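Participant: Please read through the structure below; I'll follow up with questions.
2 protein chains.
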Amino acid sequence: MDENKTLINLEDDISEEDDPIVLNKKTGHSSKPIKDIEVNQSEEPTTSSSGRTAPANSGNYPLIDNDHPPLLENFTPPVPRESQINGNAGSASRDINNLEPIFHLRSRTAAASTPNYESLDYEVCENTLFQDEQREQLAERFSLRKDIIRWIIFIQIGIITALIACSIDIIIEELSELKYQFLIKSVQENVPLSDATEGDLVIPYLYWLLFSILPVAFGAAMVTYIEPITAGSGIPQVKSYLNGVKIPRIVRIKTLAVKAIGVITSVVGGLAGGKEGPMIHAGAVVAAGISQGKSTTFVKDFRIFKAFRDDHEKRDFVLGGGAAGVSAAFGAPIGGMLFSLEEAASFWNQNLIWRTLVASIISVFTLNIVLSAYHGLNDFTFTGLFNLGKFDQPLKFDYFELPIFMILGVSGGLLGAAWNSLNTKINKFRKRFIPWKIGKVIEAVVVAIMGVTLACLMIYFINDCRPLGNDPTNNPVQLFCEDNEYNAVAALWFQTPEATVRSLFHDPPGSHKILTLALFTVVYYVLSCATFGLNVSLGVFIPTALVGAAWGRLLAMVTFYFFPQAEFLHPGKYALIGAAANLGGVLRMTISLSVILMETTGVESSFFFPLIIALISAKWVGDYFNEGIYDTQIQVNHVPMLTWEPLPQYKGLTAQKILSSPVVCIKLRDSAHYIYQMLKKCEHNGFPVVDNVEGNRRSEGRVCGIILRSQLIVILLKSLYVENKRFWLPETSIQTFRDLYPRYPSIKSVRKLDEKINYTVDLSMFMNPSPVRVNPHDSVPRIFQIFRALGLRHLLVINNENRIAGIITRRDFIYK
Amino acid sequence: MDENKTLINLEDDISEEDDPIVLNKKTGHSSKPIKDIEVNQSEEPTTSSSGRTAPANSGNYPLIDNDHPPLLENFTPPVPRESQINGNAGSASRDINNLEPIFHLRSRTAAASTPNYESLDYEVCENTLFQDEQREQLAERFSLRKDIIRWIIFIQIGIITALIACSIDIIIEELSELKYQFLIKSVQENVPLSDATEGDLVIPYLYWLLFSILPVAFGAAMVTYIEPITAGSGIPQVKSYLNGVKIPRIVRIKTLAVKAIGVITSVVGGLAGGKEGPMIHAGAVVAAGISQGKSTTFVKDFRIFKAFRDDHEKRDFVLGGGAAGVSAAFGAPIGGMLFSLEEAASFWNQNLIWRTLVASIISVFTLNIVLSAYHGLNDFTFTGLFNLGKFDQPLKFDYFELPIFMILGVSGGLLGAAWNSLNTKINKFRKRFIPWKIGKVIEAVVVAIMGVTLACLMIYFINDCRPLGNDPTNNPVQLFCEDNEYNAVAALWFQTPEATVRSLFHDPPGSHKILTLALFTVVYYVLSCATFGLNVSLGVFIPTALVGAAWGRLLAMVTFYFFPQAEFLHPGKYALIGAAANLGGVLRMTISLSVILMETTGVESSFFFPLIIALISAKWVGDYFNEGIYDTQIQVNHVPMLTWEPLPQYKGLTAQKILSSPVVCIKLRDSAHYIYQMLKKCEHNGFPVVDNVEGNRRSEGRVCGIILRSQLIVILLKSLYVENKRFWLPETSIQTFRDLYPRYPSIKSVRKLDEKINYTVDLSMFMNPSPVRVNPHDSVPRIFQIFRALGLRHLLVINNENRIAGIITRRDFIYK
């Protein structure tokens, strides 16, 4: 229902049919504010599904209609307002136009030209076939077996996600090491060491350019031409999927391959981004791949795990995969579990969460083993990819520092909000002026060149030499410095961003000049802003943390410069708080981010409090201005994400105000021909099944269930008609429907019903007999809660006589 | 509905009424398995609400009726089976007895003589008054203010919970120190130091007895005579409350006071129990007290936070309070948050969880400050009450140890299951043979004497002398030992159980003899089993961890004795794994327990994996035998807790099989007299409101809402009749109903309606117009999910014509 592309013209004649199909477009509801939305929506440009579209949300749709009488007077529960509810057989004064409401299109969603995101079918369809399976399982102790298999899959998800994360990490580390070693050698060869003020940096600069442009161009080309969905961090996509939106191609193996190569090339190319976001996406793909036991990319069906082939099970596995990805990325198993919960869980299912936690812990453990072995460590002390390093001594703080932390938090919120806003503007510009594919690749290259050039300029113009020996940087560069000194600016740039974060946390006080760090902060702020939104696979976590750590440390240094007696100004501590504040300001993820930071930095639980103060201040200040970067991306792409609470505009409304009507219904026993024609003519995905129908006035029947488009197509494909029941009944089970999951064929692949034109379909065995139903006068906050808590796709609105009044889908909750 | 005490005989004449009320008891449903349950249930002994009743669950109710036709043939969704659904006006062949079904009692629940636990009204009643308030709040930006107040309350909860925890902890520590110092002095005076084999232990023994008996008797008497609900750890009660069951008197300030004194006396008295469980209960009381802005104990209404006076808000605050309590007890803020979630959350509400986390962190922070100041520490490194101490160096493990950890887990599961079973048997015995209050006090004293005597015997007969110097015990006793030695047995006993756990984790290898530890394990296992279930306030966490740590360390020592070359056998590590395994085996809490252990011990994230392995093995092995100790307690008390998943017996059933019918209904406009009589005659708590009623055939009307007993009583009390509308309408708001929360008066406090006998009540303004409705053929697992996810109290079952077919409440899901 959410996914109708364009208004379908049903007025074309369908005259060969036995049921004359009459179109009844909803017209002239001028008092309904929804109408305005339709118009606005349809004026918006259609977006590609590349995850990189321009925001077109004007944001001022008038939803609250003040002309409408207030609720109290309007309150007559038993009899719904007839003018609003179509197909109400009990109403006396019915519109003359509605006399034959055989076949309706819910015109609002049909008219909306937003991209065709579908919802997941998270609701289990408990039809007769499902019940049969349940009974069989009761008998065979099948349930226990299924449970054990589920555990095995979760453990596999943890292990494989960690292995993929390790591979990516090791490759990036090796290649970066090669690159920066070569560059340092080149610098040392071309700049005479003794003459610290002169030297030719052109050749190293050109090498640097080359080693940036090549991988970035390759990565951007792969992403752009092969799989555009892999652009960006992948977290918004996974978030949307877990929220219940079907994002096409997001969990394919091809996507994983492109993403892995994309992230390697981008990080090695030196773009301002991290590999953590893509890890989470990788975990999701692994989960979906393993749990389904088949791959569309390789056209291979392993014929295992068949019982898990539905949206409900798949989403649960992807939840575990996302958690395993976060855990691997940050070495934070509890944070991983909470990330998945925060993004996904509407219903707290203890078993699912327990499995998710185990997958997370196994993922961290596997990563520990592999990376410890790789780094030649005896114990498993290597934790996570984003290893911030343990602080030498427990971080301490004094009471009077708490206000300082709060100020840092506020700064983080302001800077983060500005970053989000700037980034959104850049991406809007991009979308508008760079529509061509080749342009997107060139743009990535340009940003890479910009980064290298700025870094080179900084190294060339700033003279920041420090004595060797107390710096943990692997590759000290002597460039322009005396013997026994190294160039602190080059040290910041000649490593991966992640290593720079570590330096900022752990370098001893006085490792950098104030000017160095100030310029570095500004440059990296701009660079990271320009980078996020390029058509490359890159996460936003590391650059954000880096910028925050830089200005946090900077602030401590500046303060210490003016108040040299303030010994509490441990620069590493302030770098950590700054990173937290900046992350809070940009990402606005709250619970899981706090826990991830706590786990990653391994601070004492007494230091949670300063972290939380910084995070909360940053989030609240940032929320005053705009939304988090992930949510902004989701909004820009018009993904119909359900929020946590119903939007405030909906607070006083009733279901009546947001439902879509009229509704296309199907009779419990309906003709195959009607179903075929209907599926061809409209693009809805769920159809109420009605009974007690007089003639063809379907929308006046009593609701007895709901059936999905995909189920109807399977019924037609497999010819499950009443007339030939004896052929298919014995061997038809719920597995017949699962076999075609997840890519059900479209109605076009169903042959035209020639000889079967008069056959009948009896839906009583296939339909979901327990759809969730609400009344037209139920309040929107209440039905929103039901919708979200149960993970629904369709919510039927019925009147007090159990006749359909309308249907509510995800999209009806998200107009702003 | 869940709470009817006895079968009410409505056949007594009510002849003075204008509506003749006819009883229609459900009789002779011999094909309904429910009937068997009723009989069984009513044969069970009634239980007191003291939380300490005997289990009477025979556990073999035949719920799946094989005589019943299978579902497939039975599947006719539109027309429910008439014989089962009463009051179906559409059915032609109605029973002659049902011709006048004016007033029905749902006899099943009425007949069950289980204790009268009510459900919380977690579902928000969105009646017209509520909607009015919502609209006002929209206008006044009230919503933001309410949100800020909510935050303030959560912060207060964190602070006050921590302060209470600190006070209890400090008092216990000081008193214990005094007690054990005195005993040691007494030992040293009475046992000649030079003569290590002789000496008179009788006087110290008598002193010890005195210092045990006095506080234990005092605590037991307080609990028994003043507030019996404070017995035990309080976790089962908080768990039940969070699950949605109204446990009387659980969140009163009086309860908190008795609990605090009770736990101090019991721990100081030396019983085998901890103070952690009671902390959680204390947090819950604090939360309920602060958020309501009034106290029943002190009969004081502060006239603040009036908007939060309903079950929904209160439960959310108690969630935060429980989390703050756990956090304070274990220094584990994330664990605290997860504990509350695991026990309570059915619907994942991001804001609530965020507030809970903040309350937890603030609680830990406050505790840190106070206890650090008390202990004279400069930094805030004191974490939690249950401070296991940090391990000196990161715990390491080798691959081949993983199977050993698993074996430890299995042992923990077996020992835990045995402990639970033994404890249940002891409590059954207690319940049967010690019904008198004074007996319960004496029993506690006897257990205290037993503990002291066993400890003295161990100290007397075991000769385990260790050189002084490398033992972290505060009070080394030289008793029977050479100079420069101390008695290791006395060291184990002469401190609080918590300190003993710390010793077992951190004492260097070779601190005890194998025999010492083996005997200690056995003695403490039995003692803790005898203690849990006494009428004293004590938690089970510490003794369980202590027993586990003891046998874990013992195992490492024994293995090391046979394989002295096995250097990996760090006894502290095995003590930790043993404690985890034993906790997993006894408590069976999974997610939060893992996280609490991880946070409390502060181990590296790589060590999570061994912990999880031990916990999972223990839980799974234990679950094979019985349930966790908290769940056992809950079951024994017949608390109608909702499980996570529907019970397997319910898998193939439909709503029809579990609903209660007939149902007592009220007309939308009904006579005050009818309502008054009905409330007097039956004890249900929710009544469907119907419309389109012919005469008095109420149960044939169309459902348009539901109204609670408490609302009806307020309507009668305040005389909110149609006839005098002009007097009350302007000043009646949702606050009118909240003012009487939480202790609504009973119907007996409503004066007899003399002059108002013909007045009418119009429920359209008061009723909840959006009750959740399901159909009789909906499957039980599905409606269970809806019921749990939405936190419902009543679920209306309606047929396809929107007439009431039955009602489902919490109790209908929990028959086993």
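So the protein sequences, as listed, match chains D and Z. Number 124 in UniProt numbering belongs to position 124 of the first sequence; there are no gaps in the numbering. Number 714 in UniProt numbering belongs to position 714 of the second sequence; there are no gaps in the numbering. Beta carbons are placed, not taken as given, at the ideal position from N, Cα and C, and that holds for glycine. None of the values given here were measured: they were computed from a predicted structure.
From the beta carbon of G331(D), is the nearest beta carbon of chain Z less than 8 Å away?
Facilitator: Mapped onto the first sequence, residue 331(D) falls at position 331. True, the Cβ-Cβ gap to chain Z drops below 8 Å.
Participant: Compute the distance between the beta-carbons of I577(D) and G552(D), then report whether it is under 8 Å.
Facilitator: Here residue 577(D) refers to the residue found at position 577 when the first sequence is read from its first residue. Here residue 552(D) refers to the residue found at position 552 when the first sequence is read from its first residue. For I577(D) and G552(D), yes; Cβs fall inside 8 Å.
Participant: Tell me whether the beta-carbon of S363(D) lies closer than 8 Å to the beta-carbon of A332(D).
Facilitator: As a position in the first sequence, residue 363(D) is number 363, starting the count at 1. As a position in the first sequence, residue 332(D) is number 332, starting the count at 1. Result no, Cβ atoms of S363(D) and A332(D) do not sit closer than 8 Å.
Participant: Compile a chain-ordered list of the residues in the stretch 569 to 600 of chain Z whose CB is closer than 8 Å to at least one CB of chain D.
Facilitator: Here the close residues are T590, I591, S594, V595, M598 and E599.
Participant: Relative to the ligand GDP, is the shortest distance from any of its heavy atoms to the C-beta of G273(D) smaller than 7 Å?
Facilitator: Absent from the structure shown: the ligand GDP. Ligands present: none.
Participant: Could you tell me how far apart the beta carbons of I616(D) and Y374(D) are, in whole angstroms, since I believe they sit closer than 8 Å?
Facilitator: Along the first sequence, one-based indexing puts residue 616(D) at 616. Along the first sequence, one-based indexing puts residue 374(D) at 374. Going by Cβ atoms, the distance from I616(D) to Y374(D) rounds to 38 Å, so no, they are not a contact pair.
Participant: Buried or exposed: where does N397(D) fall if 16 or more other Cβ atoms within 10 Å of its Cβ makes it buried?
Facilitator: Position 397 of the first sequence, counting from 1, holds the residue named residue 397(D). What sits at residue 397(D) in the sequence shown is Phe, not Asn. F397(D) should be labelled buried.
Participant: Between which residues of its own chain and G701(Z) is the CB-CB distance below 6 Å, once the five residues before and five after are set aside?
Facilitator: Counted from its first residue, the second sequence places residue 701(Z) at position 701. V690, D691, N692 and V693.
Participant: In the structure shown, what three-state DSSP assignment does P654(D) receive?
Facilitator: Locating residue 654(D) in the first sequence gives position 654, where the first residue counts as 1. Rather than Pro, the amino acid found at residue 654(D) in this sequence is Thr. The answer is strand: DSSP assigns T654(D) an E or B state.
Participant: Once DSSP output is grouped into helix, strand and coil, what is the label at Y486(D)?
Facilitator: Taking the first residue of the first sequence as position 1, residue 486(D) is located at position 486. Looking at Y486(D) - three-state DSSP - the assignment turns out to be strand.
Participant: Taking 7 Å as the limit between beta carbons, can you name the residues of its chain near G539(Z), skipping five residues before and five after?
Facilitator: Taking the second sequence and counting its residues from 1, one reaches residue 539(Z) at position 539. Result list for G539(Z): S233, G273, G274, K275, E276, G277 and P278, in chain order.
Participant: Going along chain Z in order, which residues have a C-beta closer than 7 Å to the C-beta of R135(D)?
Facilitator: Counted from its first residue, the first sequence places residue 135(D) at position 135. G652, listed in chain order.
Participant: Could you please tell me which residues of the stretch 353 to 368 of chain D, in chain order, have their CB closer than 8 Å to any CB of chain Z?
Facilitator: So the list reads I353, W354, L357, V358, I361, I362, V364, F365 and N368, given in the order they occur along the chain.
Participant: In chain order, which alpha helix (DSSP H) runs of at least 4 residues are fully inside the stretch 503 to 545 of chain D?
Facilitator: With a minimum length of 4 residues, the continuous alpha helix (DSSP H) runs that stay inside the stretch 503 to 545 of chain D are 514 to 531.
Participant: Please give me, in chain order, every unbroken run of the alpha helix (DSSP H) with length at least 4 that falls completely inside the stretch 262 to 288 of chain D.
Facilitator: Taking only runs of at least 4 residues, no alpha helix (DSSP H) segment lies wholly in the stretch 262 to 288 of chain D.
Participant: Can you give me the C-alpha to C-alpha distance between K431(D) and A220(D), rounded to a whole angstrom?
Facilitator: If you number the first sequence from 1, residue 431(D) lands on position 431. If you number the first sequence from 1, residue 220(D) lands on position 220. Cα to Cα, K431(D) sits roughly 16 Å from A220(D).
Participant: Using 10 angstroms around the beta-carbon of E174(D), count the other beta-carbons present and answer buried if the total reaches 16, otherwise exposed.
Facilitator: Taking the first sequence and counting its residues from 1, the one referred to as residue 174(D) is at position 174. It counts as exposed.
Participant: Determine the closest residue to N626(D) out of W419(D), N116(D) and S176(D), with distance taken between C-alpha atoms.
Facilitator: On the first sequence, position 626 is the one that residue 626(D) refers to. Closest option to N626(D), Cα to Cα, is W419(D).
Participant: Can you tell me which of the three DSSP states E227(Z) falls into?
Facilitator: For the purposes of this step, residue 227(Z) is taken as the residue at position 227 of the second sequence. Looking at E227(Z) - three-state DSSP - the assignment turns out to be coil, as it is neither helix nor strand.
Participant: Per DSSP, what kind of secondary structure is T496(D) in: helix, strand or coil?
Facilitator: Looking up residue 496(D) in the first sequence gives position 496. T496(D) falls in the coil class under three-state DSSP.
Participant: Taking one C-beta from the stretch 785 to 795 of chain Z and one from the stretch 787 to 794 of chain D each time, how about it: are there three or more such pairs within less than 8 Å?
Facilitator: Short answer: they touch.
Participant: Note down, in chain order, each residue of its chain lying with its Cβ closer than 6 Å to the Cβ of L454(Z), except the 5 sequence neighbours on either side.
Facilitator: If you number the second sequence from 1, residue 454(Z) lands on position 454. If we look at L454(Z) and ignore the five residues flanking it on each side, its Cβ neighbours are V523.
Participant: Can you list, in chain order, the residues of its chain whose CB lies under 7 Å from that of V202(Z), leaving out five sequence neighbours each side?
Facilitator: Taking the second sequence and counting its residues from 1, one reaches residue 202(Z) at position 202. There are no such residues.
Participant: Quick one: Cα of P640(Z) to Cα of S340(Z), how far?
Facilitator: Walking along the second sequence from the start, residue 640(Z) turns up at place 640. Walking along the second sequence from the start, residue 340(Z) turns up at place 340. If I take the Cα positions, the gap works out to 19 Å.
Participant: The beta strand (DSSP E) that contains L647(D), what's its start and end?
Facilitator: Numbered from its first residue, the first sequence carries residue 647(D) at position 647. That residue, L647(D), is in no beta strand (DSSP E); it is neither H nor E in DSSP.
Participant: Any idea what DSSP makes of V797(D), helix, strand or coil?
Facilitator: Within the first sequence, residue 797(D) is the residue found at index 797, counting from 1. The answer is strand: DSSP assigns V797(D) an E or B state.
Participant: Classify I760(D) as helix, strand or coil using the three-state DSSP reduction.
Facilitator: For the purposes of this step, residue 760(D) is taken as residue 760 along the first sequence, with counting starting at 1. Checking the sequence, you will find Thr at residue 760(D) rather than Ile. Here T760(D) sits in strand by DSSP.
Participant: Quick one: grab the DSSP three-state call for P688(Z).
Facilitator: Working through the second sequence from its first residue, we reach residue 688(Z) at position 688. It is a strand residue.
Participant: Taking CB distances under 8 Å as the criterion, tell me whether L371(Z) reaches chain D.
Facilitator: As a working note, residue 371(Z) is residue 371 in the second sequence. Not closer than 8 Å to any Cβ of chain D, the Cβ of L371(Z) fails to qualify, so no.
Participant: Quick one: Cα of C465(Z) to Cα of S606(D), how far?
Facilitator: Along the second sequence, read from residue 1 onward, the residue named residue 465(Z) stands at position 465. Along the first sequence, read from residue 1 onward, the residue named residue 606(D) stands at position 606. Taking the straight line from one Cα to the other gives about 39 Å.
Participant: For P228(Z) and K619(D), I'd like the C-alpha separation in whole angstroms.
Facilitator: As a first step, residue 228(Z) is located in the second sequence; it is residue number 228 there, counting from the start. As a first step, residue 619(D) is located in the first sequence; it is residue number 619 there, counting from the start. Between P228(Z) and K619(D), the C-alpha separation is close to 45 Å.
Participant: Hey, could you find the ends of the alpha helix (DSSP H) G806(Z) is sitting in?
Facilitator: In the second sequence, the residue the question calls residue 806(Z) occupies position 806. Segment I804 to T809 is the beta strand (DSSP E) holding G806(Z); no alpha helix (DSSP H) there.
Participant: If contacts are defined as beta-carbon pairs under 8 Å, then V797(Z) and A655(Z) qualify, I think. What distance do you get, rounded to the angstrom?
Facilitator: Numbered from its first residue, the second sequence carries residue 797(Z) at position 797. Numbered from its first residue, the second sequence carries residue 655(Z) at position 655. Right, the Cβ-Cβ distance comes to about 5 Å (below 8 Å), so this counts as a contact.
Participant: Please determine, among I613(D), E731(D) and Q134(D), the residue with the shortest C-alpha to C-alpha distance to F405(D).
Facilitator: Looking up residue 405(D) in the first sequence gives position 405. Residue I613(D) is the option with its Cα nearest to F405(D).
Participant: For my contact list, Y180(Z) and Q495(Z) are in at a C-beta cut-off of 8 Å; report their separation, rounded to the angstrom.
Facilitator: Taking the first residue of the second sequence as position 1, residue 180(Z) is located at position 180. Taking the first residue of the second sequence as position 1, residue 495(Z) is located at position 495. That pair is a contact at about 6 Å.
Participant: Could you give the C-beta distance for I334(D) and I334(Z), rounded to a whole number, given that I count them as a contact under 8 Å?
Facilitator: Your numbering for residue 334(D) matches position 334 in the first sequence. Your numbering for residue 334(Z) matches position 334 in the second sequence. Indeed, because the Cβ distance is near 6 Å, the residues count as touching under 8 Å.
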